[in-house]
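Written out below as structure tokens is the structure these notes cover.
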Amino acid sequence: MSIYNKLDLTGWKPRQLTPREVRFATWIAFFAWVFAVYDFILFGTLLPEIGRHFGWGEVEQAEIATWVAVGTAVVALAIGPLVDKLGRRTGIIFTVAGSAVCSALTAIGGAWGKGPLILIRSLGGLGYAEETVNATYLSELYAASDDPKLAKRRGFIYSLVQGGWPVGALIAAGLTALLLPIIGWQGCFIFAAIPAIVIAVMARKLKESPQFQIHQRITQLRKSGAVSEAQNVAQTYGVDYDEHSKAGLKAAFRGPARRVTLVIGAAILLNWAAIQVFSVLGTSVIISVHHISFENSLIILVLSNLVGYCGYLCHGWMGDKIGRRNVIGLGWMLGGLAFAGMLYGPSTMPVVVGLYSLGLFFLIGPYSAALFFISESFPTSIRATGGAIIHAMGPLGAVVAGFGATQVLSAGSDWQTAAPYFGALPCFLSGALMFAARHVRPETVQ
């Protein structure tokens, strides 16, 4: 029997998720992102300790971070087409499980040399790609929901999920302070793998989004030769059949999608220069600029990331009120100004904590709106692919910042010279660039 005959074409409709299933998906996405970030930030937080263990200087550490960012971009880019082909549920399971494996292997990777360690940490791109998969999946679930309260607060609710970034960073800093003296940096990475494995197992209970079910149905019908039936399904559910049939990497650079890809992609590239300098390598910057001990720098990270979580909630809530694009642009511009003040301000704990916390509030907080905004800007057929292309710009921005900072440090300067040019200024410019993006009305998202 052909595929065409096996399919029930009469009265077909996608399976709608129940409110309970949507809540379960939200919690899984939150914890998946928390522990993906935990692993991602853990490497940057412990890089000074890893370098001390193997005798790698500040310049070598910056080079390692740069090459890891390159590998992360490659891996994150590959995830988008995979998720658009195999499904959002499969994408979450794959990225979380990959992040767990990466954590465990990092504990032994350094002993094999810098090359193997860079390769292993590049697999961390799976964890980094988790937020794109989450945004793709949840934006579709929330758009398909019949709950009017959810429709009005979808950005704020997603901010709770995306708030896994400061929570994961907080866990990385807090548990490092507690566990590092007891089990060493290797033990910290092994410990990080355990919760990720648990989440990957629980994610098997997730249900596929209605939008992807429609996408999958059209694809199956088209491939089986039932073009008219595929066109009927596309027409019924408001899908552009011609654009659907051209889905892929090239589709992200055609039509209205081109502006989304180029403008937001460039903004993310610039912004991730600031992420690399002030979040991933935050301990190194604080220690170098203000001569604060490693232990106190961890305390600063804990306090500032608590403020950063509030930033997620605030920007998510404001995005529902005044538009996600506006909130993102204003936030990143203010973040650049706060970090500049931190770099040149006095080296007292209250000032450093206050300005660094304010910087993270406006640097990472807008991502609760940004990832959702990106997903809303693309059609279902390339939602994960387009998001992955833009998301991959982040590690490339980290590469630029890492390479530039490495050159400055190699020339004999310090982080107070490198951080403004490769951190604070790109952060401000990324916010200004966001105003060139197209405004999206959430009620128009399919």
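Residues are numbered in our numbering as their position in the sequence shown, beginning at 1, plus a constant of 155. Here a beta-carbon is modelled for each residue, glycine too, at the ideal position from N, C-alpha and C.
Residue i, enclosing alpha helix (DSSP H) - first and last residue
i: Leu378; result: The sequence shown places Lys at residue 378, rather than the Leu named in the question. Residues 365 to 378.
i: Val605; result: This structure gives no information on residue 605, because the portion of the chain shown stretches from 156 to 601.
i: Phe344; result: 319 to 357
i: Gly514; result: 504 to 519
i: Phe528; result: 522 to 531
i: Gln571; result: 570 to 574
i: Ala587; result: 580 to 589
i: Arg276; result: 269 to 277
i: Gly282; result: 280 to 283
i: Val382; result: 382 to 391
Straight-line Cα distance separating residue j from residue i
i: Trp167; j: Glu384; result: 11 Å
i: Ala428; j: Leu376; result: 44 Å
i: Arg175; j: Tyr283; result: 27 Å
i: Ala224; j: Val382; result: 43 Å
i: Arg170; j: Ser300; result: 12 Å
i: Thr250; j: Tyr193; result: 14 Å
i: Lys360; j: Gly319; result: 21 Å
i: Val177; j: Ala328; result: 31 Å
i: Ala587; j: Ile447; result: 33 Å
i: Lys161; j: Ser379; result: Confidence is the limiting factor: at Lys161 the pLDDT is only 35, short of 50, which leaves the residue's position unreliable, though a coordinate-based value still follows. Spanning the two alpha carbons is a distance of roughly 11 Å.
i: Phe590; j: Phe209; result: 45 Å
i: Leu272; j: Trp340; result: 14 Å
i: Leu202; j: Ala259; result: 16 Å
i: Ala566; j: Leu237; result: 42 Å
i: Gly264; j: Gly279; result: 13 Å
i: Val440; j: Val554; result: 17 Å
i: Trp182; j: Thr200; result: 26 Å
i: Asp239; j: Tyr292; result: 11 Å
i: Pro336; j: Gln366; result: 48 Å
i: Trp472; j: Gly393; result: 29 Å
i: Thr503; j: Gly484; result: 30 Å
i: Ala306; j: Ala298; result: 7 Å
i: Gly246; j: Gly235; result: 9 Å
i: Gly549; j: Asn426; result: 7 Å
i: Gly342; j: Leu197; result: 12 Å
i: Leu408; j: Ile545; result: Before going on, a small fix: residue 408 reads as Phe here, not Leu. Rounded to whole angstroms, Phe408 to Ile545 spans 11 Å at the Cα level.
i: Val356; j: Phe185; result: 15 Å
i: Ile158; j: Phe311; result: Caution is warranted here: a pLDDT of 32 is assigned to Ile158, below 50, making its placement in the model unreliable, and no coordinate value can be reported.
i: Arg244; j: Glu285; result: 11 Å
i: Leu281; j: Ala358; result: 15 Å
i: Ser585; j: Trp570; result: 21 Å
i: Leu468; j: Val316; result: 10 Å
i: Tyr658; j: Ile442; result: The shown model of the chain, from 156 to 601, leaves out residue 658, and the question about it has no answer.
i: Arg207; j: Thr438; result: 14 Å
i: Gly474; j: Leu518; result: 15 Å
i: Ala187; j: Gly242; result: 17 Å
i: Lys304; j: Val288; result: 24 Å
Proximal residues to residue i (C-beta, below 8 Å), its chain only, five neighbours per side dropped
i: Asp395; result: Ala389, Pro534
i: Trp211; result: Ile205, Ile219, Lys269
i: Val457; result: Leu325, Ala328, Gly329, Ala332
Cβ neighbours of residue i in the same chain (closer than 7 Å, five flanking residues each side left out)
i: His470; result: Ser314, Val482, Gly486, Gly520, Pro521, Ser523, Ala524
i: Ala290; result: Leu526, Phe527, Ile529, Ser530, Gly542
i: Leu551; result: Ala228, Leu424
i: Gly478; result: His594
i: Gly557; result: Ala217, Ala220, Thr221, Ala224, Gln431
i: Ser464; result: Note that residue 464 corresponds to Tyr in the displayed sequence, not to Ser. Within the same chain, Tyr464 has close Cβ partners Gly318, Pro321, Val322.
i: Val462; result: Ser512, Leu515, Phe516
i: Ser568; result: none
i: Val350; result: Checking the sequence, you will find Pro at residue 350 rather than Val. Once the five neighbours on either side are set aside, the close Cβ partners of Pro350 are Phe190.
i: Val497; result: Correcting the residue type first, residue 497 is Met in the shown sequence and not Val. The answer, listed in chain order, is Val507, Leu510, Tyr511, Gly514.
i: Ile275; result: Cys257, Leu260, Thr261, Gly264
6 Å CB neighbourhood of residue i in its chain, flanking five on each side removed
i: Gly144; result: The structure shown does not extend to residue 144, since the chain spans only 156 to 601, so no value can be given for it.
i: Ala573; result: Ala560, Val563
i: Gly466; result: Phe516, Gly520
i: Leu232; result: Ala543, Ala547
i: Lys362; result: Leu172, Glu176
i: Gly491; result: Ala579, Cys582, Phe583
i: Ala592; result: Val418, Ile419, Arg480
i: Val415; result: Ser532
i: Glu295; result: Ser364, Gln366
i: Leu436; result: Gly199
i: Gln371; result: none
Problem set entry | Start-end ranges of the beta strand (DSSP E) lying completely within the segment 179 to 263, minimum 3 residues | As far as the segment 179 to 263 is concerned, it has no whole beta strand (DSSP E) run of at least 3 residues.
Problem set entry | Entirely enclosed alpha helix (DSSP H) segments - the segment 403 to 491, minimum 4 residues | Taking only runs of at least 4 residues, the alpha helix (DSSP H) segments lying wholly in the segment 403 to 491 are 411 to 430, 437 to 445, 449 to 477.
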